[in-house]
Ligand code: NAD
């Protein structure tokens with residue numbers, strides 16, 4: 297018989313959280329899920345599962361929640377992303393690091409069985425290989441976000457080795473989705489572009505035309521997460537965070553793909569501070585270890601992503 301799970305999703309109202317919450321609800325049932333975020337319930341609009349407002353940096357609040365609800369799994373998604381992080385570095389460090397340490401510490405105390413915490417391709421830096429960047433490449437991140445993710449990876453491994461806490465992690469590339477807006481990352485252009493295309497407007501891109509970055513459609517990201525969380529612990533060889541890849545493209549290549557469907561679509565380029573962040577990251581990722589350890593295979597090509605996004609993005613008229 298399957299053990300009764302109580303799954304706490306922290307940061308459930310974000311781009312990833314909204315979809316992962318639904319996927320976990322479909323997998324484990326509505327009763328098993330508690331969605332939490334720092335937003336008031338009215339703003340959170342979390343109708344399908346129970347919602348509790350909590351701040352991950354507030355350890356007492358988190359402790360009460362984990363203890364009272366007898367939580368068995370935690371998905372920690374609350375974070376400040378790469379672009380927002382550069383605008384508020386100490387706040388980004390506080391949310392990303394203190395939030396993670398609170399979760400790791402409380403998970404050991406309350407015997408939480410599994411923790412998922414996402415890292416990012418932002419752990420890589422200018423010294424890392426640009427093309428097909430391998431799992432164990434040099435990591436010298438240049439953003440506060442990247443520094444927090446790299447440190448977080450080491451903390452996860454430390455808690456696994458020292459306390460046997462089953463923490464699992466992937467380094468997501470830029471995530472592309474239409475159900476929730478992205479929350480301040482350097483790859484957000486690859487979502488914003490579809491809203492402009494659907495509105496029949498010209499898109500002004502904040503990256504240069506030829507800046508290639510690793511990207512992934514949200515359905516692939518959700519499936520990768522569920523697959524990783526369900527494989528036997530013994531199969532996991534990486535306790536920092538797995539490289540994970542799907543597609544890589546430039547803004548110009550993405551625009552070309554959109555133009556095949558919408559020939560009138562126009563794009564211009566006005567790089568801002570995010571260009572420098574993008575240039576510090578690899579343009580593609582080698583995820584051989586994820587493939588070997590749990591048979592990871594992405595399903596969505598660039599063309600399929602464009603088809604899905606143009607079909608599903610809804611604009612307010
Ligand atoms: P997001 O910004 O869309 O969502 C983050 C959520 O966390 C928001 O709903 C926010 O209200 C909440 N939050 C922020 N501070 C909080 C706090 N102190 N307490 C409780 N909740 C808080 O981010 P996302 O895109 O959904 O990313 C989720 C995770 O995936 C993050 O760890 C991020 O670093 C990682 N990731 C995302 C991407 C991407 O492209 N979206 C890429 C790589 C890694």
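In my numbering, the protein residues as written are 297 to 613.
Yeah, the Cβ is synthetic: ideal placement off N, Cα and C, and Gly gets one too.
Please state the DSSP three-state secondary structure of residue 354.
As a working note, residue 354 is residue 58 in the chain shown. For residue 354, the three-state secondary structure derived from DSSP is coil.
By a C-beta neighbour count over all protein chains shown, 10 Å radius and 16 as the cutoff for buried, is residue 542 buried or exposed?
Within the chain shown, the letter at position 246 stands for residue 542. A residue is called buried once 16 or more other Cβ atoms fall within 10 Å of its Cβ, and residue 542 is buried on that count.
Would you say residue 312 touches the ligand NAD, meaning its beta carbon is less than 6 angstroms from a heavy atom?
Looking up residue 312 in the chain shown gives position 16. Yes.
Could you tell me the alpha carbon to alpha carbon distance between residue 414 and residue 508, rounded to whole angstroms?
As a position in the chain shown, residue 414 is number 118, starting the count at 1. As a position in the chain shown, residue 508 is number 212, starting the count at 1. One C-alpha to the other measures close to 22 angstroms.
Taking just the CA atoms, how far does residue 559 sit from residue 536?
The residue you call residue 536 lines up with position 240 of the chain shown. The residue you call residue 559 lines up with position 263 of the chain shown. Near 44 angstroms, if we compare the C-alpha coordinates of residue 559 and residue 536.
Give me whichever residues DSSP pairs with residue 333 in a beta bridge.
By one-based count along the chain shown, residue 333 stands at place 37. Bridge partners of residue 333: 349.
Same chain, Cβ closer than 7 angstroms to residue 389, neighbours up to 5 away in sequence not counted
Against the chain shown, residue 389 aligns to sequence position 93. Cβ within range, chain order: 440, 444.
At what residue ranges does the segment 491-578 contain a whole run of the beta strand (DSSP E), taking only runs of 3 or more?
Taking 3 residues as the minimum length, the beta strand (DSSP E) runs contained wholly in the segment 491-578 are 499-501, 509-513, 543-545, 563-565, in order along the chain.
Note down the Cα distance separating residue 394 from residue 412, rounded to an integer number of angstroms.
Residue 394 sits at position 98 when you count from the first residue of the chain shown. Residue 412 sits at position 116 when you count from the first residue of the chain shown. CA-to-CA, the gap between residue 394 and residue 412 works out to about 16 angstroms.
Are the beta-carbon atoms belonging to residue 502 and residue 474 less than 7 angstroms from one another?
For this step, residue 502 is matched to residue 206 along the chain shown. For this step, residue 474 is matched to residue 178 along the chain shown. No; because the gap between Cβ atoms is not below 7 angstroms, this pair is not in contact.
What does the alpha-carbon distance come out to for the pair residue 347 and residue 423?
Stepping through the chain shown from its first residue, residue 347 is reached at position 51. Stepping through the chain shown from its first residue, residue 423 is reached at position 127. About 42 angstroms.
Less than 7 angstroms between the beta carbons of residue 310 and residue 479, yes or no?
Within the chain shown, numbered from 1, the residue matching residue 310 stands at position 14. Within the chain shown, numbered from 1, the residue matching residue 479 stands at position 183. Yes, they are a contact pair.
Anticipated Cβ contact below 8 angstroms, residue 365 with residue 328, distance rounded:
For this step, residue 365 is matched to residue 69 along the chain shown. For this step, residue 328 is matched to residue 32 along the chain shown. Going by Cβ atoms, the distance from residue 365 to residue 328 rounds to 11 angstroms, so no, they are not a contact pair.
Run through DSSP, which three-state label would residue 359 get?
Residue 359 sits at position 63 when you count from the first residue of the chain shown. Helix, per DSSP.
Can you list, in chain order, the residues of its chain whose CB lies under 6 angstroms from that of residue 442, leaving out five sequence neighbours each side?
By 1-based counting over the chain shown, the position of residue 442 is 146. Answer for residue 442: 418, 419, listed in chain order.
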